[in-house]
């Protein structure tokens, strides 16, 4: 979900039957309130990653840490600075 003005936060629901409903508007899909396990929204700079193989949500900070460790960018920078 991309809102260039930052006026509509990305919201998502997680249902008891393990579905994720993700949109920038409330009420995009009708969901029975008793079927909603969690209601969340993304703050600026946050990511939402759904690992379909593991059936899990990867938190934003964990995902960023994992990606930043895959390549030693700080090391590359130190080696290339003149």
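Numbering (the UniProt record's numbering), first residue to last: 1 to 82. Ideal placement from N, C-alpha and C gives every residue a C-beta, glycine not left out.
Between the options, which has its C-alpha nearest residue i's C-alpha?
i, options, result
"residue 19", "29, 47, 68", "29"
"residue 98", "77, 43, 54, 22", "There is simply no residue 98 to check, as the chain begins at 1 and stops at 82 in what is shown."
Looking at the secondary structure, which residues open and close the beta strand (DSSP E) in which residue i lies?
i, result
"residue 62", "Element bounds for residue 62: not the beta strand (DSSP E) but the alpha helix (DSSP H), 60 to 70."
"residue 30", "Residue 30 -> no beta strand (DSSP E), and no H or E assigned at all."
Residue i lies in the alpha helix (DSSP H); which residues open and close that run?
i, result
"residue 41", "It is not in any alpha helix (DSSP H) - residue 41 instead sits in the beta strand (DSSP E) that spans 36 to 41."
What three-state label does DSSP hand residue i in the structure shown?
i, result
"residue 77", "helix"
"residue 51", "strand"
"residue 82", "coil"
"residue 56", "strand"
"residue 23", "strand"
By how many angstroms is the C-alpha of residue j removed from the C-alpha of residue i?
i, j, result
"residue 33", "residue 40", "14 Å"
"residue 24", "residue 46", "14 Å"
"residue 83", "residue 26", "Outside the displayed span of the chain (1 to 82) sits residue 83, for which this structure offers no information."
"residue 10", "residue 82", "42 Å"
"residue 74", "residue 80", "10 Å"
Could you round the C-beta distance between residue i and residue j to whole angstroms and report it? I think they count as a contact, below 8 Å.
i, j, result
"residue 13", "residue 36", "5 Å"
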